[in-house]
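Just so you know, we're using the working numbering here: the sequence shown kicks off at 240 and counts up by one.
C-beta: ideal position from N, C-alpha, C; glycine also.
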Amino acid sequence: MGEQLGIEPATTEYILVALDASPHSEAALVAAAELAAVLHLELRGVFVEDVNLLHLSGLPFGLEIGSFTAKARRLDAHNLEREFRIQATLLRKIMADVAGQRRVSWSFQVVRGGVTSELLAASSAARMLSLGRAGRNPGKRTGSTAQAVARNTRRPVIIQPARRRLSGPFTVAHLGTPTSDNALTLAVELARNHQDAIHVLVLAPAQTAVESVQTRLAELDVAGRVSRVDTDRELLAQLRLISEGTIVLPVEVAPWLDEVVTTVIVVP
Numbered sequence: 240m241g242e243q244l245g246i247e248p249a250t251t252e253y254i255l256v257a258l259d260a261s262p263h264s265e266a267a268l269v270a271a272a273e274l275a276a277v278l279h280l281e282l283r284g285v286f287v288e289d290v291n292l293l294h295l296s297g298l299p300f301g302l303e304i305g306s307f308t309a310k311a312r313r314l315d316a317h318n319l320e321r322e323f324r325i326q327a328t329l330l331r332k333i334m335a336d337v338a339g340q341r342r343v344s345w346s347f348q349v350v351r352g353g354v355t356s357e358l359l360a361a362s363s364a365a366r367m368l369s370l371g372r373a374g375r376n377p378g379k380r381t382g383s384t385a386q387a388v389a390r391n392t393r394r395p396v397i398i399q400p401a402r403r404r405l406s407g408p409f410t411v412a413h414l415g416t417p418t419s420d421n422a423l424t425l426a427v428e429l430a431r432n433h434q435d436a437i438h439v440l441v442l443a444p445a446q447t448a449v450e451s452v453q454t455r456l457a458e459l460d461v462a463g464r465v466s467r468v469d470t471d472r473e474l475l476a477q478l479r480l481i482s483e484g485t486i487v488l489p490v491e492v493a494p495w496l497d498e499v500v501t502t503v504i505v506v507p
């Protein structure tokens, strides 16, 4: 990878993908595998056996929705352990197929614990983390796990919707912060590797901020379009209009995840 201002260097060259039984997770796996192939990185998958579900199984009112039947049933520890094993076997096979098609080296592990904390720990040395976007709440575009990971990450996080691919054009929200520079650097690398366009939306009251970003693009030897917006409301309105490609956000505006519809990468 190119210059990574402020992002802690990864000790091992791999992309981590969080796996579960959802179509959003499969989209995250495909995005991670394609990126691993382009960047010549290893692909690692992790399935987290949610310890909170195991705790609920000991309560008399605990119910679960079957991953394959979509029917409500009593949350039973024995059945839950069995479903964990079934899911892990299926996810390992899916990962083997996806990684094999892209000819990338891969590994798969199962861990038990809180989903958010385990993903943050497992991705601490990764180049990037990829996870599916949707949660169980139908009123939200972004699930609670994706939101929590994005807000607390120390690595770039790909938030991948179902039926979409990580692709260009790449749009960067630049707030004039160090994390915005990190987002710009990553977007430039991705645009180069995908041979696609880059557009930087600069939140700044002065034209000098736009010129600073243009200078930065020149230093990185890439041509890109730079536009100035005067307020965060205007910036968010511009991002809401984007229906294709990938949006790259600095971590300060990770709460905007639920406001946009396309693939998002949150950068610390």
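Please name the residue or residues paired with TRP345 in a DSSP beta bridge.
-> Counted from its first residue, the sequence shown places residue 345 at position 106. For TRP345, which the question treats as bridged, DSSP gives the partners LEU282.
Go through its chain and collect everything with a Cβ distance to LEU329's Cβ below 6 angstroms, but skip five positions before and after it.
-> Stepping through the sequence shown from its first residue, residue 329 is reached at position 90. No residues qualify anywhere along the chain.
Decide if the stretch 275 to 287 is in contact with the stretch 251 to 260; the criterion is three or more beta carbon pairs, one per stretch, under 8 angstroms apart.
-> yes
For the stretch 392 to 404 against the stretch 484 to 501, are there 3 or more C-beta pairs whose distance is under 8 angstroms?
-> yes
Return the first residue and the last residue of the alpha helix (DSSP H) that THR384 is part of.
-> Working through the sequence shown from its first residue, we reach residue 384 at position 145. Start and end: 383 to 391.
When the Cα of GLN434 is compared with those of ALA462, GLN348 and ARG455, which residue comes out closest?
-> Taking the sequence shown and counting its residues from 1, one reaches residue 434 at position 195. It is ALA462 whose Cα lies nearest to the Cα of GLN434.
Measure how close the beta-carbons of GLN446 and VAL465 come, nearest whole angstrom, since I'm counting them as under 8 angstroms.
-> Taking the sequence shown and counting its residues from 1, one reaches residue 446 at position 207. Taking the sequence shown and counting its residues from 1, one reaches residue 465 at position 226. Contact flag wrong, Cβ pair sits at about 10 angstroms.
Give the DSSP-derived three-state secondary structure of ARG366 in the structure shown.
-> Within the sequence shown, the letter at position 127 stands for residue 366. Of the three classes helix, strand and coil, the one that applies to ARG366 here is coil, per DSSP.
Proximity of SER369 and VAL396 at Cβ, strictly below 9 angstroms | Sequence index remark: in the sequence shown, residue 369 carries index 130 (1-based). Sequence index remark: in the sequence shown, residue 396 carries index 157 (1-based). Contact: yes.
In three-state terms, what does DSSP make of GLU288?
-> Against the sequence shown, residue 288 aligns to sequence position 49. Note: GLU288 maps to strand in three-state DSSP.
So, helix, strand or coil for ASP399, using DSSP?
-> Along the sequence shown, read from residue 1 onward, the residue named residue 399 stands at position 160. The displayed chain sequence assigns Gln, not Asp, to residue 399. DSSP places GLN399 in strand when its eight states are reduced to three.
Select from GLU483, MET367 and VAL277 the residue whose C-alpha is nearest the C-alpha of ARG341.
-> To locate residue 341, count along the sequence shown from 1; it is residue 102. When each option's Cα is compared against that of ARG341, the closest is VAL277.
Tell me whether PRO444 sits in a helix, a strand or coil according to DSSP, three-state version.
-> To locate residue 444, count along the sequence shown from 1; it is residue 205. Looking at PRO444 - three-state DSSP - the assignment turns out to be coil, as it is neither helix nor strand.
GLY339 (DSSP reduced to helix, strand or coil) | The residue given as residue 339 occupies position 100 in the sequence shown. Helix.
Enumerate in chain order the residues of its own chain whose CB-to-CB distance from VAL343 is below 8 angstroms, with the five nearest sequence positions on each side excluded.
-> Along the sequence shown, read from residue 1 onward, the residue named residue 343 stands at position 104. So the list reads ALA272, ALA275, ALA276, LEU280, GLU281 and LEU282, once near-sequence residues are dropped.
Within 10 angstroms of the Cβ of THR392, are there 16 or more other Cβ atoms? Answer buried if so, exposed if not.
-> Along the sequence shown, one-based indexing puts residue 392 at 153. Buried.
Close beta carbons around ASP289, own chain, < 6 angstroms, minus the five adjacent residues each side = Along the sequence shown, read from residue 1 onward, the residue named residue 289 stands at position 50. Excluding residues within five positions, the ones whose Cβ falls inside 6 angstroms are VAL354.
Determine the burial state of ASP471: buried for a count of at least 16 other Cβ atoms within 10 Å of its Cβ, exposed for fewer.
-> By one-based count along the sequence shown, residue 471 stands at place 232. Exposed.
Can you give the Cα-Cα distance for ASP420 and ALA316, rounded to whole angstroms?
-> As a working note, residue 420 is residue 181 in the sequence shown. As a working note, residue 316 is residue 77 in the sequence shown. Straight-line Cα distance between these residues: approximately 47 angstroms.
Look at the alpha carbon of HIS294 and the alpha carbon of GLY352, and state the distance between them as a whole number of angstroms.
-> Residue numbering aside, residue 294 sits at position 55 when the sequence shown is read from its first letter. Residue numbering aside, residue 352 sits at position 113 when the sequence shown is read from its first letter. If you take the alpha carbons of HIS294 and GLY352, they lie about 11 angstroms apart.
Top-ranked residue by Cα proximity to PRO489, from ARG321, ALA448, VAL439 and LEU359 = Position 250 of the sequence shown holds residue 489. Among ARG321, ALA448, VAL439 and LEU359, the Cα nearest to that of PRO489 is on VAL439.
Please name the residue in LEU414, LEU478, ILE481 and LEU459 whose C-alpha comes closest to that of VAL449.
-> Counting from one through the sequence shown, the residue named residue 449 turns up at place 210. Among LEU414, LEU478, ILE481 and LEU459, the Cα nearest to that of VAL449 is on LEU414.
Just how far apart, CA to CA, sit LEU405 and ASN432?
-> Counting from 1 along the sequence shown, the entry for residue 405 is found at position 166. Counting from 1 along the sequence shown, the entry for residue 432 is found at position 193. For LEU405 and ASN432, the distance between alpha carbons rounds to 12 angstroms.
Please report the residue range of the alpha helix (DSSP H) in which THR416 lies.
-> The sequence position of residue 416 within the sequence shown is 177, counting from 1. Segment: none, THR416 is in no alpha helix (DSSP H) and carries neither H nor E.
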